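J.: Okay, here's the structure, questions in a sec.
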Amino acid sequence: MSWTILILAIAPALAVCGYIIHKDRFDKEPFWLLFVAFGFGVFSTFPAVVSTLIGGQFFEISENPVNTAIYAFLVVALSEEFAKFFFLRYILFKRKEFNEPLDGIVYAVMVGMGFAAFENIFYVADGGVSTALLRMFTAIPAHAVFAVMMGYHVGIAKFDTTHQQELLRKGLIYPILLHGAYDFFLMQKNIPFLSLLAFVGLWYAGKYVKTIVVEAHEHSRDRHA
Numbered sequence: 394m395s396w397t398i399l400i401l402a403i404a405p406a407l408a409v410c411g412y413i414i415h416k417d418r419f420d421k422e423p424f425w426l427l428f429v430a431f432g433f434g435v436f437s438t439f440p441a442v443v444s445t446l447i448g449g450q451f452f453e454i455s456e457n458p459v460n461t462a463i464y465a466f467l468v469v470a471l472s473e474e475f476a477k478f479f480f481l482r483y484i485l486f487k488r489k490e491f492n493e494p495l496d497g498i499v500y501a502v503m504v505g506m507g508f509a510a511f512e513n514i515f516y517v518a519d520g521g522v523s524t525a526l527l528r529m530f531t532a533i534p535a536h537a538v539f540a541v542m543m544g545y546h547v548g549i550a551k552f553d554t555t556h557q558q559e560l561l562r563k564g565l566i567y568p569i570l571l572h573g574a575y576d577f578f579l580m581q582k583n584i585p586f587l588s589l590l591a592f593v594g595l596w597y598a599g600k601y602v603k604t605i606v607v608e609a610h611e612h613s614r615d616r617h618a
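In structure tokens:
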């Protein structure tokens with residue numbers, strides 16, 4: 394694999410990381426911990442792949458939309474999002490550096506982009522520049538959307554002990570639902586034009602999570618004013 398292909402594979406994920414780190418202006422996370430979070434994302438691909446392969450023995454993409462839906466939601470989306478959630482919830486969540494709601498988004502994005510970058514290397518190595526350009530505007534933003542949605546709820550859960558368990562559940566379930574719907578529309582073979590809904594949904598979800606990031610940034614600013 395050439396350096397050009399490798400750069401095209403990982404640059405979009407790094408750009409998303411740069412954007413979210415830039416938003417965290419008032420109580421910046423230590424670089425070493427951001428790097429570790431990114432590494433957790435890379436590592437999370439392994440249990441996700443194993444789980445997907447096991448689930449794929451029972452359900453797979455087919456002409457039956459129910460089988461395809463189960464594969465998209467319960468095999469792929471659940472496997473990938475839980476793998477990322479595990480590191481965010483059970484390791485990073487407990488760190489003393491995780492000291493404001495925005496940090497949930499920051500760490501979730503680092504984990505999500507570690508996952509997305511490593512996964513993307515294999516897709517781009519196989520598909521070349523065209524695949525890299527396509528995934529730059531589809532798969533990478535999708536993983537960013539899932540990560541922000543996860544991090545937003547986990548970030549609030551850290552400081553809202555009354556509703557903590559409910560918020561943590563939402564931090565896992567909402568990304569699974571978004572991820573599963575995105576994959577299902579792309580995977581289903583019965584109505585081809587439905588694949589467009591994946592990109593329409595991604596567009597609107599992207600606008601929503603951008604609002605979430607801005608609100609979290611403003612909360613952080615007010616907290617430190």
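Be aware that the sequence shown starts at 394, since it is given in this note's numbering, and climbs by one per residue.
For every residue, glycine included, the Cβ atom is placed at its ideal position computed from N, Cα and C.
Computed from a predicted structure; not experimentally measured.
1) Determine the extent of the alpha helix (DSSP H) in which Gln558 is found, giving its start and end residues.
2) Verify whether the separation of the beta carbon atoms of Ala540 and Pro568 is less than 9 Å.
3) Need the endpoints of the alpha helix (DSSP H) that Leu485 sits in, please.
4) Going along the chain, which residues of its own chain have a beta-carbon closer than 6 Å to the beta-carbon of Gly544, five neighbours each way excluded?
5) Measuring alpha carbon to alpha carbon, tell me which of Ile514, Leu579, Phe428, Val442 ends up nearest Thr397.
6) Grouping DSSP H, G and I as helix and E and B as strand, with all else coil, what is Gly497?
7) As a quick exercise: from Ala510, Ala609, Phe586, Arg482, pick the residue whose alpha carbon is nearest that of Gln557.
8) For Phe475, which of Ala441, Glu611, Pro534, Glu490 has the nearest alpha-carbon?
9) With distance defined between alpha-carbon atoms, name the residue in Phe466, Val443, Ser444 nearest to Ile454.
10) CA-CA distance, Thr438 and Phe480?
11) Around the C-beta of Phe552, are 16 or more other C-beta atoms found within 10 angstroms, so that it is buried, or is it exposed?
T.: According to the data block:
1) For Gln558, the uninterrupted alpha helix (DSSP H) segment begins and ends at 557-580.
2) For the 9 Å CB-CB criterion, Ala540 and Pro568 form a contact.
3) Premise fails: Leu485 is in no alpha helix (DSSP H) and is neither H nor E.
4) Sequence-distant Cβ neighbours of Gly544 in its own chain, meaning closer than 6 Å and more than five residues away, are Gly497, Ile498, Ala501.
5) Here the closest residue by C-alpha is Ile514.
6) Helix, per DSSP.
7) The closest CA to that of Gln557, considering only Ala510, Ala609, Phe586, Arg482, is found on Arg482.
8) Ranking Ala441, Glu611, Pro534, Glu490 by Cα distance to Phe475 puts Ala441 first.
9) The shortest C-alpha separation from Ile454 is found at Phe466.
10) In this structure, the straight-line span from the alpha carbon of Thr438 to that of Phe480 is close to 12 Å.
11) By the 10 Å Cβ count, Phe552 comes out exposed.
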